[in-house]
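Only one structure is covered here, and it is reproduced in the block below.
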Amino acid sequence: PYMVAVSWVGNDDYRIGFSSTGLGAGANSALPIYAKFMQQLNQDTTYAELTKQRFKAPSAEVREALSCAPIVKDSTSRVTKFFESIFNGQEQKFIKKVYLDDNGAIIRTEEEPVISDEAIDETEEVEEENTSGGFFSFLKRKKKNDEEN
Numbered sequence: 021p022y023m024v025a026v027s028w029v030g031n032d033d034y035r036i037g038f039s040s041t042g043l044g045a046g047a048n049s050a051l052p053i054y055a056k057f058m059q060q061l062n063q064d065t066t067y068a069e070l071t072k073q074r075f076k077a078p079s080a081e082v083r084e085a086l087s088c089a090p091i092v093k094d095s096t097s098r099v100t101k102f103f104e105s106i107f108n109g110q111e112q113k114f115i116k117k118v119y120l121d122d123n124g125a126i127i128r129t130e131e132e133p134v135i136s137d138e139a140i141d142e143t144e145e146v147e148e149e150n151t152s153g154g155f156f157s158f159l160k161r162k163k164k165n166d167e168e169n
């Protein structure tokens with residue numbers, strides 16, 4: 021095929037628009053324009069050379085690559101096998117540490133390889149402790165630590 025047809029409806033000024041995304045969505049605005057254009061193109065025999073074109077059949081290699089099971093039900097073991105097939109079991113996990121100065125600017129970052137999944141769980145717990153309570157939660161922790169000491 022030698023023709024590409026695109027229908028785009030948009031606006032450069034975000035203040036002008038529809039009250040809901042449904043009205044301004046492509047299915048409601050751009051699709052009808054494209055559909056009408058294609059109907060007229062298909063009805064006019066002048067453009068038959070364009071509208072009657074077909075893609076070449078894919079090679080046997082491509083057909084084989086596209087040959088998938090029609091339905092794959094969710095299964096943890098299948099998901100694990102899928103990722104193992106992609107990464108060949110070579111996926112390495114890291115813990116990323118970010119050091120900040122008093123103003124919140126990054127001083128340095130470090131990545132350490134994770135030896136076990138337990139280390140990731142511990143890191144997530146620490147992150148939850150550090151992030152729960154909002155921006156000034158570190159003051160509460162500091163006060164609590166001072167009282168304990």
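When the letters of the sequence shown are read in order and numbered with our numbering, they come out as residues 21 to 169. Using N, Cα and C, we set each Cβ at its ideal position, and we do this for glycine too.
Am I right that residue i and residue j are in contact with their C-beta atoms under 8 Å? What's the rounded C-beta distance?
{"i": "residue 116", "j": "residue 129", "result": "6 Å"}
{"i": "residue 118", "j": "residue 126", "result": "6 Å"}
Do the CB positions of residue i and residue j come within less than 8 Å of each other?
{"i": "residue 57", "j": "residue 80", "result": "no"}
Give the DSSP-derived three-state secondary structure of residue i in the structure shown.
{"i": "residue 106", "result": "helix"}
{"i": "residue 57", "result": "helix"}
{"i": "residue 34", "result": "coil"}
{"i": "residue 67", "result": "helix"}
{"i": "residue 52", "result": "helix"}
{"i": "residue 113", "result": "coil"}
{"i": "residue 83", "result": "helix"}
Given a threshold of 16 other Cβ atoms within 10 Å of its Cβ, counted over all protein chains shown, does residue i qualify as buried or as exposed?
{"i": "residue 22", "result": "exposed"}
Which residue's Cα is closest to the Cα of residue i: the options?
{"i": "residue 28", "options": "127, 89 and 55", "result": "55"}
{"i": "residue 70", "options": "34, 61 and 87", "result": "61"}
Using a Cβ-based criterion (distance less than 7 Å to any ligand heavy atom), does residue i qualify as near the ligand HEM?
{"i": "residue 55", "result": "This structure does not include the ligand HEM; it has no bound ligands of any sort."}
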